[in-house]
Structure formats: structure tokens, C-alpha cells
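Q:
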Ligand SMILES: [Zn+2]
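Numbering (this note's numbering), first residue to last: 197 to 521.
(1) Please find out if some non-hydrogen atom of ligand 1 comes closer than 6 Å to the beta-carbon of residue 349.
(2) Which term fits residue 344, buried or exposed, when burial requires 16 or more other beta carbons within 10 angstroms of its beta carbon?
(3) Using a Cβ-Cβ cutoff of less than 6 Å, which residues in the same chain neighbour residue 454 once the five nearest sequence positions on both sides are dropped?
(4) Would you call residue 415 buried or exposed, if buried means 16 or more other Cβ atoms sit within 10 Å of its Cβ?
(5) Taking the alpha carbon of residue 334 as the reference point, which residue from 263, 402, 373 and 307 has its own alpha carbon closest?
(6) Is it the case that the Cβ atoms of residue 305 and residue 434 are separated by a distance below 7 Å?
(7) Tell me the rounded alpha-carbon separation between residue 350 and residue 286.
(8) Under the three-state reduction of DSSP, which class applies to residue 492: helix, strand or coil?
(9) Could you have a look at residue 318 and say whether DSSP puts it in helix, strand or coil?
(10) I want to check one thing, is the minimum distance from the CB of residue 222 to the heavy atoms of ligand 1 below 6 Å?
(11) Counting along the chain, where does the alpha helix (DSSP H) carrying residue 506 start and finish?
(12) For a minimum of 4 consecutive residues, which ranges assigned as the alpha helix (DSSP H) are wholly contained in the stretch 255-309?
(13) In angstroms, rounded to a whole number, what distance separates the CA positions of residue 298 and residue 336?
(14) Is the beta carbon of residue 260 closer than 7 Å to that of residue 332?
(15) Counting Cβ pairs closer than 8 Å, one from the stretch 480-495 and one from the stretch 463-470, do we hit at least three?
(16) Please report the distance separating the alpha-carbon of residue 202 from that of residue 369.
(17) Looking only at its own chain, which residues have a Cβ that is under 6 Å from the Cβ of residue 200, when we skip the five neighbours before and after it?
(18) I need the DSSP call for residue 231, collapsed to helix, strand or coil.
Below is the structure:
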């Protein structure tokens, strides 16, 4: 298999410092993240490339063309945010409105993981036709705003976690492209079903902390693998998916399955089916009346079976996030 080419783009550079606040320049931090994330991606066996590896200015369209010409599999432009009154904070990822499902899921995973691991506010995936680099890229592309350079709280989080944040950026790409660590051989962690004596979670423990306390590999890659093994399709690291996975892992140890694991319909294995066929596939009443009840339980007040409504429900179902009525 040819190596995946993943282009990391350190935003700004040269005469363009990007956002500047409290003596710090966006162009320096984006380069720091891109370099470190590229290093980690190479450990995953990817052909990670940087559009710039020094303090130089490159026009945004040229950055995309560099990745296009390289036949890259993906382009992620790395930025730090700023807001007029320094009030904004958190992580967000921008994609084009017509981005592929793969790009949308990758963007969601990136946002969710950075938010969840480091406690940055999750501002979600946003759509735009206003970014030249995304408009010029002929490959999957997204623009990551890691945090706000002019927000003291965000930058304190960044400074405490800079190495881990870069590693997280790499891990999400690796997970989406099915890469596993090659050079620094990390033995495959035992599957959850063979891990002995998983503990009951402490009240304040997060899923990741619980995994670590039980000697499990809590990396995104491994959680995604466990999710697949347990029938959670399209794992992007949402809180709901983590809770389901947590419950399933503990249930596999003879524990009971808490109610929260039963709140969502299981995602159907076949992702090519429409809503009705998907519901039938998981043996759920797909009649109009029942779909209306499901719709209400998922925030659609006046379900009329429109394509848009069905698409919304189907997307939730495929993500394992369709709440039971
Ligand atoms: Zn920027």
C-alpha cells in the first residue's frame, strides 16, 4: 500500500504574523504544532509534509496547490483564533459546505478530541466558502482553529498541553486513515474482552482516565478500534459514543448495562441504506407514526417524512446518536 500523504499547513508566516496577542504570534505557534504533528504522523507511517517548515510567507492558494500537486490524501491547515474583544475561546474546525462525508467526520473527530482531551470549549464544525485554501484544495481539506491566541485561559491550556495537542492532531489523522504506529513499536493493547478485572468507574473519572486506570490504551486509534469491535460505527469520539463504548466495555466484564447505553438505537452495519431500510435492519418499527415519535425524541417537532428530516435522522442513526423515543 502506498503511503498516505498528509499535508499539514502551518498558517501564516513571513510578513504575515497572523493573530498577535500578548507578545505571541500565530505564525510561530502554528509552525510549532505542524512540525510536531508531522513528526508523530511519520511515526504512524504517513508521508507527512509541511507546506512551510520555516518562517516564510506563502499565499493561501499556493499552499493548497502544493498539496494538490503532491497528490496528497488530505490537507489540514492549522491556525489559532482571535476575537475582537478577546472573549472567544475554544476549538473549531472549518470545512466547505460541500465537503465529503469523510472530511466532515474527520473535522468532527478533530474538534471533539481536542475539546474533550484538553478541556477547550467545543465550538464545533463550521461551514464556509470564504477560505481560499479550502476553495483551492482539490483534496479533502479542513482548517483547524486550535484555540484563541488572545484568550488567557485557552493559551494556558495550550501551554500546558502543547506536545499532547500536536500528538492529538496526528492521532486523529492516523485514525481516519487507518494508520497504526510503525517505527516506535507499541504492542497492540489487549482487547477489552480479555482485559481482566476492569474497575467500576470512580464518580469523577472520565472514560479516558478509566481506560488508563485499567491499563488500556486510551489513544484515539484504540478507542476507534474498540468502538468498531463493539458495533459503534463512525466513531468520532463524541460524549455519547464514549458513554456507549464505556458501558459496552464494562458490560463485557459481566457488569450490567446502564440505562444510558439503551438510550440510543444501535447504528446499522450497512451504511448504504435509507432511513426506513436502516430501521428495518435493526428491527425497529419504520412506520410513519413511529418515525414521527423518533423524530420528536430527536428534536424534530413536525415530522412530515421530508428528505431533509429523514437525512437528519439517518445521520444520527448511523452515528449511533439517534435517541429512542
Ligand atoms: Zn490564522
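Ideal placement from N, C-alpha and C gives every residue a C-beta, glycine not left out.
Because the structure is a prediction, the values reported are computed rather than measured.
A: Result, derived from the coordinates:
(1) no
(2) buried
(3) With a pLDDT of only 43 at residue 454, under 50, the local geometry of the prediction cannot be trusted, and no value is derived from it.
(4) buried
(5) 263
(6) no
(7) 7 Å
(8) helix
(9) strand
(10) yes
(11) 503-514
(12) 256-265
(13) 8 Å
(14) yes
(15) no
(16) 8 Å
(17) 242, 269 and 373
(18) helix
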